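Asker: Each number in the working numbering comes from the position in the sequence shown (counting from 1) with 124 added on. Take this structure first; my questions come after.
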Amino acid sequence: MSVAERYHAEIGLRPAKYELPRRFASLKNFLKADVHRGHPSDNFHRSPIGERFKAEIKPNLSEDLASRAEQVFTGVLALRNYRVSLGEDGLQVPDADTIQKWVQQLIRPEEFPMFVPPAFSGWVERLTDQPIPHIAQANQFIAERITGHLKKRGLKKVKGVDLGAGTGATMIAVSESLHEQGIEVDLKGVDLTPKLAKIARARTGKEVDVANALDWLEKQEDGSLDFITMVYAIHHLHYSEQLKLQQLALKKLKKYGIFAIADPTGRSKFNLQNLDINEPEAVMACFRPDVDEVIESLERFHVVTKNETPGKMLVNSFGVESDMNGDVLDQGTLGYALLAVKV
Numbered sequence: 125m126s127v128a129e130r131y132h133a134e135i136g137l138r139p140a141k142y143e144l145p146r147r148f149a150s151l152k153n154f155l156k157a158d159v160h161r162g163h164p165s166d167n168f169h170r171s172p173i174g175e176r177f178k179a180e181i182k183p184n185l186s187e188d189l190a191s192r193a194e195q196v197f198t199g200v201l202a203l204r205n206y207r208v209s210l211g212e213d214g215l216q217v218p219d220a221d222t223i224q225k226w227v228q229q230l231i232r233p234e235e236f237p238m239f240v241p242p243a244f245s246g247w248v249e250r251l252t253d254q255p256i257p258h259i260a261q262a263n264q265f266i267a268e269r270i271t272g273h274l275k276k277r278g279l280k281k282v283k284g285v286d287l288g289a290g291t292g293a294t295m296i297a298v299s300e301s302l303h304e305q306g307i308e309v310d311l312k313g314v315d316l317t318p319k320l321a322k323i324a325r326a327r328t329g330k331e332v333d334v335a336n337a338l339d340w341l342e343k344q345e346d347g348s349l350d351f352i353t354m355v356y357a358i359h360h361l362h363y364s365e366q367l368k369l370q371q372l373a374l375k376k377l378k379k380y381g382i383f384a385i386a387d388p389t390g391r392s393k394f395n396l397q398n399l400d401i402n403e404p405e406a407v408m409a410c411f412r413p414d415v416d417e418v419i420e421s422l423e424r425f426h427v428v429t430k431n432e433t434p435g436k437m438l439v440n441s442f443g444v445e446s447d448m449n450g451d452v453l454d455q456g457t458l459g460y461a462l463l464a465v466k467v
């Protein structure tokens with residue numbers, strides 16, 4: 125069973141008891157529907173997430189964006205309450221798709237990064253004290269695969285960057301794996317959240333820039349990096365921006381360079397629990413649950429660079445190691461990790 129087939133099989137085993145009316149695909153229609161106990165806006169303002177939104181998120185946004193974002197968060201809470209009124213235990217798998225549609229309706233592509241610093245400022249402990257198991261697994265997989273590829277090429281000194289570095293877990297995993305094999309690494313990190321970047325610097329002893337990943341990558345020389353990692357972070361970009369980043373990564377990598385991505389499907393019980401509490405990190409996101417589509421989006425690019433490093437990306441998705449299909453890690457509905465090599 126392929127990675128995508130396993131994901132779809134797991135989703136098929138978790139149907140919702142009640143199907144939402146089609147008109148609820150519009151957030152405006154849902155909030156106006158006669159299915160709510162109390163007014164959705166009043167319920168939101170009295171809720172813990174409403175208080176958090178007012179204190180932590182709203183001050184970082186323009187008045188217009190804050191108004192639109194509040195509608196999305198209000199809708200998520202109202203949808204959860206509606207599911208509970210139907211006798212279900214909170215948000216269901218199909219609701220993740222509905223919420224994604226609402227987000228696309230109200231939030232513009234360039235606005236997604238604005239939610240990252242306020243959303244992640246409260247994640248410091250979650251990302252450092254007790255590592256989240258499936259993210260730690262993805263980090264280890266990526267570190268081992270990157271090391272294996274670079275070692276086969278006989279490289280002794282390499283250069284890379286970790287985009288969306290968080291508190292530095294991916295940087296640590298990759299650095300340690302490379303050093304164990306005697307490979308010297310010049311590794312930098314990039315993160316939009318100053319609080320997380322500060323911790324990453326302290327944990328890794330390396331440079332971590334506070335910047336937008338696309339902006340940072342654009343400034344790098346074509347064909348200058350041996351590897352680029354982005355672990356559980358790319359979903360904070362709009363779908364169109366994700367494709368831009370993939371194409372940029374291809375331009376900035378050397379021949380046989382590696383672009384490693386790990387990301388959630390957005391449909392796991394873990395993610396639904398975050399949606400249940402209206403966690404901004406889970407709400408303001410653009411998930412791509414089908415890993416086959418992600419691989420296809422990586423492999424269709426062909427670029428010409430400024431310094432003789434044109435190429436395309438290929439992903440080895442064949443293997444026999446249970447949940448490891450070559451350079452693709454299968455985490456079921458939790459997510460996936462993959463390595464694309466520039467050839």
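Here a beta-carbon is modelled for each residue, glycine too, at the ideal position from N, C-alpha and C. Bear in mind that the values here come from a model prediction, so they are computed numbers and not experimental data.
When you measure from the CB of Gln397 to every non-hydrogen atom of the ligand HEM, does any distance come out below 8 angstroms?
Answerer: Looking at this structure, you won't find the ligand HEM or any other ligand, since it has none at all.
Asker: Do Val415 and Leu438 have their C-beta atoms within less than 9 angstroms of each other?
Answerer: No, Cβ-Cβ distance for Val415 and Leu438 is not below 9 angstroms.
Asker: Using 8 angstroms for Cβ pairs, my map puts Asn263 next to Ala297. What's the rounded Cβ distance?
Answerer: Yes, Asn263 and Ala297 are in contact; Cβ-Cβ is about 4 angstroms, under 8 angstroms.
Asker: Specify whether the stretch 161-172 and the stretch 199-209 touch according to this definition: at least 3 beta carbon pairs, one from each stretch, less than 8 angstroms apart.
Answerer: Counting Cβ pairs under 8 angstroms, three or more are found: they touch.
Asker: Between which two residues does the alpha helix (DSSP H) carrying Phe177 extend?
Answerer: Element bounds for Phe177: n/a, residue is neither H nor E.
Asker: Which value, in whole angstroms, describes the spacing of the CA atoms of Ile173 and Ile231?
Answerer: Whole-angstrom Cα-Cα distance: 19 angstroms.
Asker: If you check the beta carbons only, do Gly199 and Phe154 fall under 9 angstroms apart?
Answerer: Cβ distance < 9 angstroms, so Gly199 and Phe154 count as in contact.
Asker: So, under 8 angstroms CB-CB, Asp333 and His359 are touching, yes? Tell me the CB distance rounded to an integer number of Å.
Answerer: So it is not a contact: roughly 21 angstroms between Cβ atoms.
Asker: Going by the beta-carbon positions, is the gap between Lys276 and Asp310 smaller than 9 angstroms?
Answerer: No, these two residues do not count as a Cβ contact at 9 angstroms.
Asker: Looking only at its own chain, which residues have a Cβ that is under 8 angstroms from the Cβ of Pro237, when we skip the five neighbours before and after it?
Answerer: Correct list, in chain order: Leu316, Asn336, His360 and Leu361.
Asker: Considering Cα atoms alone, identify which of Glu234, Leu144, Gln216 and Arg412 is closest to Ala461.
Answerer: Checking every option, the nearest Cα to that of Ala461 belongs to Arg412.
Asker: Helix, strand or coil for Asn449 per DSSP?
Answerer: DSSP places Asn449 in strand when its eight states are reduced to three.
Asker: Secondary structure at Tyr460, three-state DSSP: helix, strand or coil?
Answerer: In this structure, Tyr460 counts as strand in the three-state DSSP scheme.
Asker: If Val285 and Val314 are in contact, beta carbons under 8 angstroms, what's the gap, nearest whole angstrom?
Answerer: Their Cβ separation, rounded to whole angstroms, is 6 angstroms, which keeps Val285 and Val314 in contact under 8 angstroms.
Asker: Are the Cβ atoms of Ala293 and Ile259 separated by less than 9 angstroms?
Answerer: A contact, by the Cβ cut-off of 9 angstroms.
Asker: Which same chain residues end up closer than 6 angstroms to Arg325 when comparing Cβ atoms and leaving out the 5 residues on each side of it in sequence?
Answerer: Same-chain partners within the cutoff: Val332.
Asker: Within 9 angstroms of any Cβ in chain B, is that where the Cβ of Ser165 sits?
Answerer: As a matter of chain content, chain B is missing from the structure shown, which is built from one protein chain.
Asker: So, under 8 angstroms CB-CB, Gly381 and Phe425 are touching, yes? Tell me the CB distance rounded to an integer number of Å.
Answerer: Rounded, the Cβ-Cβ distance is 14 angstroms, inconsistent with contact.
Asker: Is Asn440 near Asp454, with beta carbons less than 9 angstroms apart?
Answerer: Cβ distance not < 9 angstroms, so Asn440 and Asp454 don't count as in contact.
Asker: Buried or exposed for Val428, please, with buried defined as at least 16 other CB atoms from any protein chain shown within 10 angstroms of its CB.
Answerer: Exposed, because fewer than 16 other Cβ atoms sit within 10 Å of the Cβ of Val428.
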